[in-house]
Amino acid sequence: MPTKTLTQRVLGPRHENIQWDESSSLTMQVETRSGMIKTRYGKFVGGASDGVEVLEVDTGETTTMILPTRGMSIWRMRSSGIDFAWQSPVAGPIHPDHVPTFDPSGLGWLEGFDELVVRCGLESNGAPQFDDNGQLVYPLHGRIAGTPAAGLSIEYDEASGRLEVIGEMVESRLFFKRLRLRSRIRFHAGSDDVELLDDVTNDLAGPASMQLLYHINVGTPVLTEGAVVEAAIESLAPKDALSASEIETWNQVGPPQDGFAERVYFARLQADENNVTTTMLRSADQESGMAVSFNVTGLPRFILWKNTAAISDGYVVGMEPATNYPNVRQFEQEQGRVVELAGGETKSFRVTLHPLTTKERVTEFGQKIEKLREEKPAEVHATPRPGWTPGA
């Protein structure tokens, strides 16, 4: 007799393995003056994604998938038929239970990395740090991306068309810390912009310090050979010698390349009278892009991550507003690049994502950035800058 196969699920596109919960209080349709805004709640089923919560928000212009289980990361967005995401070798989203953050190498975080937007922090957000005995002290990019939201809710206003997904994560250890991140991800009916309004509170009586970085990662179809990163540079320097070897083309994107090693550039950006700056990755044909606006009062540093490896290996560019540069925490603390919080104090951080799907929108944001550039010429360093890169 012929062999028979009974299949419950297959290894394929992860979004096909979401079990949507139509009875959830977070699955709704809200009619506003600006149009309909829809949400639906579900969970991934099977594999390392099993049990990961997902909340999808559809404004009529853009669909956004939020991952409460992964620290309120944004998994991907879709606007006007264009996907804003990247193809990571990690077939995520990965449940935090399967990510060995404290792997002895310090690099366990990479086993869960495939989001469009992921936060790094809160105690540390950079490279892994080890003590004199080789014991891991701070893992790569911190713990917050693997901290599930303890609180999750939706707030909306029909008159304005505003809807916010609110999640709260707590990073804590007895005798040491309790840092609470309250994230509000704001949408408006009929709009493609997505606002991240994050507040970090030190819940202990004594002082604490923190770091935060927004790892915003874009791959194909926006990213191809000839794509360009636009930013109003005040000062920029390569992180290391390899990045320095391409300083003349720091903002230009090459083709996918097997065996490519990442290039990283540290910068400070010029801002407007409200302390807001904007950066943009635009496609080679200037028909699409992703712009990121953020307030430099809370996020005074900017990092450009170029990882133009083979498509299957993770062809991606990251735009990263941050409180500091992602070096080991000890070095950043010595340079005064940690955020100090008194007992009970809260600091606020603001980032807006602008998915761009027309040449007109790309041109509009290009003009905004050009206006910021008029303030003063960019200072571009050919080699790693002392105080920015350890040992420079």
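Position 207 of the sequence shown, counted from 1, bears residue number 206 in numbering that gives the first Met the number 0, the numbering being contiguous throughout. Beta carbons: idealized from backbone N, C-alpha and C, even for Gly.
- Message: Going by DSSP in three states, ALA240 sits in which element: helix, strand or coil?
- Response: Position 241 of the sequence shown, counted from the start, is the residue given in the question as residue 240. Three-state result, ALA240: helix.
- Do three or more CB pairs link the segment 361-372 to the segment 210-227 at distances below 8 Å? no
- What residue ranges within the segment 257-325 form continuous beta strand (DSSP E) runs of no fewer than 3 residues, ordered along the chain? 262-268, 275-281, 288-294, 300-307, 314-321
- Message: Quick check on DSSP: helix, strand or coil for ASN250?
- Response: On the sequence shown, residue 250 is found 251 positions in, with the first residue counted as 1. ASN250: coil per DSSP, three-state reduction.
- Query: In angstroms, rounded to a whole number, what distance separates the CA positions of TYR314 and PRO376?
  - Reply: In the sequence shown, the residue the question calls residue 314 occupies position 315. In the sequence shown, the residue the question calls residue 376 occupies position 377. Distance between the alpha carbons of TYR314 and PRO376 is about 31 Å.
- Item | Collapsed DSSP secondary structure at LEU109 in the structure displayed | For the purposes of this step, residue 109 is taken as the residue at position 110 of the sequence shown. LEU109: helix per DSSP, three-state reduction.
- Message: Quick check on DSSP: helix, strand or coil for ALA188?
- Response: Taking the sequence shown and counting its residues from 1, the one referred to as residue 188 is at position 189. DSSP places ALA188 in coil when its eight states are reduced to three.
- Query: So what does MET0 bridge to, in DSSP terms?
  - Reply: Residue numbering aside, residue 0 sits at position 1 when the sequence shown is read from its first letter. Paired residue(s): none; MET0 is not in a bridge.
- Query: For GLN269 versus GLU233, is the C-beta distance shorter than 8 Å?
  - Reply: Position 270 of the sequence shown, counting from 1, holds the residue named residue 269. Position 234 of the sequence shown, counting from 1, holds the residue named residue 233. Yes, they are a contact pair.
- Identify the residues that DSSP records as bridge partners of TRP85: which are they? Start at 1 with the first residue of the sequence shown, and residue 85 comes out as number 86. Paired residue(s): none; TRP85 is not in a bridge.
- Query: Beta-carbon separation of LEU211 and ALA341 under 8 Å?
  - Reply: Taking the sequence shown and counting its residues from 1, one reaches residue 211 at position 212. Taking the sequence shown and counting its residues from 1, one reaches residue 341 at position 342. For LEU211 and ALA341, no; Cβs fall outside 8 Å.
- Keeping to the same chain, check which residues put their C-beta closer than 8 Å to that of ALA243; ignore five residues upstream and five downstream. As a first step, residue 243 is located in the sequence shown; it is residue number 244 there, counting from the start. Correct list, in chain order: PRO237, ALA381, THR382, PRO383.
- Member of GLY120, ARG177, VAL29, GLU15 whose CA lies at the smallest distance from the CA of PRO325: Your numbering for residue 325 matches position 326 in the sequence shown. If we check each option's Cα against that of PRO325, GLY120 comes out closest.
- Item | Beta-carbon gap between MET279 and MET168 smaller than 8 Å | Counted from its first residue, the sequence shown places residue 279 at position 280. Counted from its first residue, the sequence shown places residue 168 at position 169. No, the Cβ-Cβ distance between MET279 and MET168 is not below 8 Å.
- Buried or exposed: PHE174, going by 16 or more other Cβ atoms within 10 Å of its Cβ? Along the sequence shown, read from residue 1 onward, the residue named residue 174 stands at position 175. Result: exposed.
- Item | Rounded C-alpha distance that separates VAL252 from MET0 | As a working mapping, residue 252 is identified with position 253 in the sequence shown. As a working mapping, residue 0 is identified with position 1 in the sequence shown. Roughly 56 Å separates the two Cα atoms.
- Task: Grab me the residues of ASP239's own chain with a C-beta within less than 8 Å of its C-beta, minus the 5 sequence neighbours each way, in chain order.
- Result: Locating residue 239 in the sequence shown gives position 240, where the first residue counts as 1. So the qualifying residues of the chain are VAL263, PRO383, THR388.
- Rounded separation between PRO88 and ALA204 - CA only: Taking the sequence shown and counting its residues from 1, the one referred to as residue 88 is at position 89. Taking the sequence shown and counting its residues from 1, the one referred to as residue 204 is at position 205. PRO88 and ALA204: Cα-Cα distance of roughly 43 Å.
- Query: Of all the options ARG372, ASP271, GLY46, which has the alpha carbon lying nearest to the alpha carbon of GLN7?
  - Reply: On the sequence shown, position 8 is the one that residue 7 refers to. Looking at the Cα atoms, GLY46 is the closest of the given residues.
- Item | Assigned secondary structure, ILE65 (DSSP; H/G/I helix, E/B strand, else coil) | Indexing the sequence shown from 1 puts residue 65 at position 66. Three-state result, ILE65: strand.
- Query: What residues in its chain sit with their C-beta under 7 Å from that of HIS94, if we drop five residues either side in the sequence?
  - Reply: Numbered from 1 along the sequence shown, position 95 holds the residue referred to as residue 94. So the list reads ALA47, SER48, ASP49, GLY50, VAL51, THR68, once near-sequence residues are dropped.
- Query: Considering only C-alpha positions, which residue in the set PRO385, GLU373, ILE302, MET76 is nearest to HIS14?
  - Reply: Counted from its first residue, the sequence shown places residue 14 at position 15. Among PRO385, GLU373, ILE302, MET76, the Cα nearest to that of HIS14 belongs to MET76.
- Task: Have a look at ARG142 and GLU114 and give me their C-alpha separation to the nearest angstrom.
- Result: If you number the sequence shown from 1, residue 142 lands on position 143. If you number the sequence shown from 1, residue 114 lands on position 115. Computed Cα separation, rounded: 15 Å.
- Item | 7 Å CB neighbourhood of GLU319 in its chain, flanking five on each side removed | Sequence index remark: in the sequence shown, residue 319 carries index 320 (1-based). Only LEU212, TYR213, HIS214, ILE215, PHE301, ILE302, TRP304 meet the Cβ criterion.
- Query: Would a C-beta distance cut-off of 8 Å place VAL337 and VAL228 closer than the cut-off?
  - Reply: Indexing the sequence shown from 1 puts residue 337 at position 338. Indexing the sequence shown from 1 puts residue 228 at position 229. No.
- Task: State yes or no: is the C-beta of PHE186 within less than 8 Å of the C-beta of LEU162?
- Result: Here the question's residue 186 lines up with position 187 in the sequence shown. Here the question's residue 162 lines up with position 163 in the sequence shown. Yes, they are a contact pair.
- Item | For GLY46, the first and last residue of its enclosing alpha helix (DSSP H) | Residue numbering aside, residue 46 sits at position 47 when the sequence shown is read from its first letter. Careful: GLY46 lies outside any alpha helix (DSSP H) and carries neither H nor E.
- Message: Based on DSSP bridge pairs, tell me the residues matched to VAL164.
- Response: On the sequence shown, residue 164 is found 165 positions in, with the first residue counted as 1. Bridge partners of VAL164: ILE153, ILE184.
- Query: Can the beta-carbon of PRO99 be found less than 8 Å from the beta-carbon of GLY107?
  - Reply: As a position in the sequence shown, residue 99 is number 100, starting the count at 1. As a position in the sequence shown, residue 107 is number 108, starting the count at 1. A contact, by the Cβ cut-off of 8 Å.
- Find the nearest neighbour of PRO12 within the set ASP20, LYS370, MET289, GLN86, judged by alpha-carbon distance. By one-based count along the sequence shown, residue 12 stands at place 13. For the residues ASP20, LYS370, MET289, GLN86, the minimum Cα distance to PRO12 belongs to GLN86.
- Closest to MET289 by CA distance: which of ASP82, GLN332, GLY297, GLY160 is it? Sequence index remark: in the sequence shown, residue 289 carries index 290 (1-based). Of ASP82, GLN332, GLY297, GLY160, the residue nearest in Cα terms is ASP82.
- Query: THR362 lies in the alpha helix (DSSP H); which residues open and close that run?
  - Reply: Within the sequence shown, numbered from 1, the residue matching residue 362 stands at position 363. Segment 358-372, the alpha helix (DSSP H) holding THR362.
- Task: Could you check if GLU21 is buried or exposed, using at least 16 other CB atoms within 10 Å of its CB as the buried criterion?
- Result: In the sequence shown, the residue the question calls residue 21 occupies position 22. It is exposed - the Cβ of GLU21 has fewer than 16 other Cβ atoms within 10 Å.
- Classification of ASN323 by the beta-carbon crowding that lies within 10 angstroms, buried from 16 upward: By one-based count along the sequence shown, residue 323 stands at place 324. Buried, since its Cβ has 16 or more Cβ neighbours within 10 Å.
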